[in-house]
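One rule links them: number in this note's numbering = place in the sequence shown (from 1) + 548.
Every residue gets a Cβ at the ideal spot worked out from N, C-alpha and C, and that includes glycine.
Below is one structure, written out as structure tokens, with a few remarks after it.
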Amino acid sequence: MSNRSACWTQLLVLRRVLMNWRRRYGYQFVVYAAILGMASIYVVSMEAPPESEIASQESFFLAAKATKVAMPKDWTHGKYQLSESALPSWMKAYVAFHQRHVQTPASASRLVWHCPENRGCGGIGDRLSGIVQVLMMSMVTKRVFLVDWHGSGLSINKVLRPRFIAWDSIPLPSDMVKLYANDDRNNTYLRDPRTLPQKVNIQLQANLYLYDAVLKREPAYLAYWNRYGGVNISLLSPFKIAFWTLFQWTDLVVRHAQGLRNASGLAEPAQRYIGVHVRTGSGVSWTDPPRHAGLPALRQFYDCARRLQHALQQKCINEGDSTSSLPEIYLASDRVDAKFQMKAWDSENDNTIKYVTNLEPFHVDKSRNAMNTSAAELDVWGELKVLLDATCLVTSRSQFSTLASSLRMDQTPHRCAVMFDQCDIEQIEQAVAVVSSC
Ligand SMILES: *[C@@H]1O[C@H](CO)[C@@H](O)[C@H](O)[C@H]1NC(C)=O
Ligand SMILES: *[C@@H]1O[C@H](CO)[C@@H](O)[C@H](O)[C@H]1NC(C)=O
Ligand SMILES: *[C@@H]1O[C@H](CO)[C@@H](O)[C@H](O)[C@H]1NC(C)=O
Ligand SMILES: *[C@@H]1O[C@H](CO)[C@@H](O)[C@H](O)[C@H]1NC(C)=O
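In structure tokens form, the structure reads like this:
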């Protein structure tokens, strides 16, 4: 290793110590990072996809029959299938590269996404964003991508399984250069992975994804994509493709999500329901900046959900289903009293709001007092899936909300999401227009 990279490594270690210190003691820093993270991911994913994107997503997932590659026998969940042969060529090339080299440690150096313990890595949204970022970096630098996620509760392979990339292969290299890039959108390694120390195995902490639009401007990524005919980010988000190339739910999460739906009293089989995620940031057991302004904002969430509900019902009626009922609402929140309040409003109207009463608000990185950490974490993953499966979502400014809305192509592309405070008639119409028929 060169003097320069040794020096860098030390600086990064120092930086990490400082950041952990700030995280522990400095509220301002937490606010800053959270705002940056929320704002960024929100920008990436909140727009309703255009019709052309929907059509293309559909062919992407329905092309499964054309597959020539042997699949693991349980490689699908839900009715849409993701096929390896339908991946865009830039991703297919990396999948093939990974398969060629993952079993032979000497043949290509490793880039390992790393979370040392259940602190300082951010929430599920932050972590999954960082994982996708490091996958992209591996792709550009021809390295074998691996995930090393230490949790105090559930380990990652309890909730997510590899889909086309064996990111869980072991053993991990014993000789790794340790680098740190958390909370740093300007990080040189992230922006230009070609600056990573060459020909060594690297362990990298990263908890954010540079936007699709940013990656598309960075020469290193652009050069890679151009080798495979380019990438059109408005057609199909590289983030989504990368995520679902890496992951599929384990049966544990699938079952647990169903259990939460059952416990909430959502009608089964739930054909259509609206997911609402109210992250208030206030009144929770972990340090979290307030995100929305109290009761008035809560009312906005509620009104938005109701507008969506009625618009979805009307759409079905317009399509000839005159008996169509109002879709129910599944409510997730970090405040139990927010659920009670919305339920109280709803009981004066249609009484369609459902939630799990005894669900403990929990954050994988920050909560410390859970009765049972594994159980609490499983609830978080389960609720993420329940939101992902909703026909339409009302979202907060949080990475969790954002993941739920930006990753929705796995089950079906014909779904919508609206931000709670950008929920006027026009936005509702646009959102409902992309939803597949009743
Ligand atoms: C990132 O770099 C840009 C310009 O190079 C600068 O304006 C911005 O403040 C930097 N952001 C952070 C978080 O350091
Ligand atoms: C990318 O896709 C969008 C949406 O289909 C389309 O309007 C646009 O022309 C495409 N851009 C390029 C460069 O192909
Ligand atoms: C959910 O309820 C259905 C019946 O409505 C039942 O068949 C299923 O086993 C339940 N699943 C879980 C995980 O509780
Ligand atoms: C914690 O929750 C998990 C998952 O629900 C369960 O398997 C385990 O038995 C629980 N442990 C305790 C000590 O209750």
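For LEU846, the closest C-alpha among the options LYS891, SER870, GLY777, LEU860 is that of LYS891. In the structure shown, GLN970 adopts coil according to DSSP, grouped into three states. Secondary structure of ARG691 (DSSP, three-state): coil. Relative to the Cα of ALA880, the nearest Cα in the group PHE910, SER870, SER895, CYS864 belongs to PHE910.
Contact annotation: GLU931 and ALA918 have beta-carbon atoms that are not nearer than 8 Å.
Relative to ligand 3, the beta carbon of GLY807 is positioned inside 7 Å of a heavy atom. Fully contained in the stretch 672-752 are the following beta strand (DSSP E) runs of length 3 or more, in chain order: 692-697, 708-710, 724-728.
The stretch 687-699 and the stretch 652-666 touch, with three or more beta-carbon pairs separated by less than 8 Å. For GLN651, no beta strand (DSSP E) run applies, since DSSP gives it neither H nor E. The distance from the Cβ of HIS825 to that of PHE948 is about 7 Å, consistent with a contact at the 8 Å cut-off. The residue among LEU752, LEU800, GLU896, ARG711 with its C-alpha nearest the C-alpha of MET639 is ARG711. For SER881, no alpha helix (DSSP H) encloses it; the enclosing beta strand (DSSP E) starts and ends at 876-881.
With respect to THR943, MET967 sits close: the two C-beta atoms are nearer than 8 Å. A direct Cα-to-Cα measurement between ASP760 and SER633 gives close to 23 Å. Leaving aside the five residues that flank GLY829 on each side, the residues in its chain whose CB is nearer than 6 Å to its CB run, in chain order, ASP836, PRO837, PRO838, ARG839.
Counting the other CB atoms within 10 Å of its CB gives ALA981 a total below 16, which places it among the exposed residues. Remark: the shortest separation between the CB of ASN810 and any heavy atom of ligand 3 falls under 7 Å. In the DSSP assignment, the residues bridged to TRP661 are VAL695, LEU752. PHE795: member of the beta strand (DSSP E) spanning 795-797, first to last residue. Cβ neighbours of ASP674 within its own chain (closer than 8 Å, five residues either side excluded): GLY585, ASN755, LEU756, ASP913, GLN947. Shown here for LYS933: same chain residues with a beta carbon closer than 6 Å to its own, the five before and five after excluded, namely VAL801, ALA805 in chain order. A straight-line Cα-Cα distance of about 16 Å links PRO745 and PRO721.
With at least 16 other beta carbons inside 10 angstroms of its own, ALA790 counts as buried. The C-beta of LYS747 has fewer than 16 other C-beta atoms within 10 Å across all chains shown, which makes the residue exposed.
At a cut-off of 7 Å, the beta-carbon of GLU816 counts as near ligand 3: some heavy atom of the ligand is closer than that. The nearest non-hydrogen atom of ligand 3 is 7 Å or more from the C-beta of ARG847.
In the three-state reduction of the DSSP assignment, GLY823 falls in the strand class. Distance from THR900 to LEU874 at the Cβ level is roughly 6 Å; contact confirmed, criterion being Cβ atoms closer than 8 Å.
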